[in-house]
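First up is the structure itself, then whatever we jot down about it.
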Amino acid sequence: MSDQEQRTPSANGDDSRGAESHAAYWRKNVMIMTLLLSVWAVAGLGCGVLFSDFLNQFEVGGFPLGFWFAQQGSIVVFVILILAYAVLLQRLDRRHAQESTDVESGRNRDGA
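Numbering (numbering that gives the first Met the number 0), first residue to last: 0 to 111.
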């Protein structure tokens, strides 16, 4: 289905159920991005820079934890967050596709 077909209102007027579903999808997407970016900021900036003095009293593989976060940890966390984003968005896309299908099938039953 083309973008134009998706944006075209139904014959009965504006499709409020579809618009609500689309808005809910983007709210959830932004919430996921905000959460994951916050985790990355805490891991990269917080653990690697701001809290490094405190974390340096612990060691990972013979290196101070603050140093480890600054050099490797934030990169590892970033890669894990990319994977988490892909998995979460795949679930969200499936759920949104199912809701869209339900809206379309409801519209077809109503005779629109």
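Note that beta-carbon positions come from the ideal geometry of N, C-alpha and C, so glycine has one too.
Taking the alpha-carbon of residue i as reference, which of the options has the nearest alpha-carbon?
i: N28; options: H95, V102 and T100; result: H95
i: P63; options: V78, C46 and I79; result: C46
i: L80; options: E19, L49 and A40; result: A40
i: W70; options: V48, Q56 and D101; result: In the sequence under discussion, the amino acid at residue 70 is Gln, which differs from the Trp named in the question. It is V48.
i: W25; options: T100, Q56, G61 and D92; result: D92
Based on the DSSP secondary-structure assignment, which residues constitute the bridge partners of residue i?
i: F62; result: V59
Between which residues of its own chain and residue i is the CB-CB distance below 8 angstroms, once the five residues before and five after are set aside?
i: G105; result: R16
Label residue i either buried or exposed according to how many other C-beta atoms from any shown protein chain fall within 10 Å of its C-beta, with 16 as the threshold for buried.
i: V59; result: exposed
i: L54; result: buried
i: L36; result: exposed
i: G65; result: buried
Ignore the nearest five residues each way along the sequence and tell me which others in residue i's own chain have a CB closer than 7 angstroms to its CB.
i: A42; result: F68, G72, S73 and V76
Those runs of the beta strand (DSSP E) which lie wholly inside the segment 16–102 and span at least 3 residues: Fully enclosed beta strand (DSSP E) runs of no fewer than 3 residues are not present anywhere in the segment 16–102.
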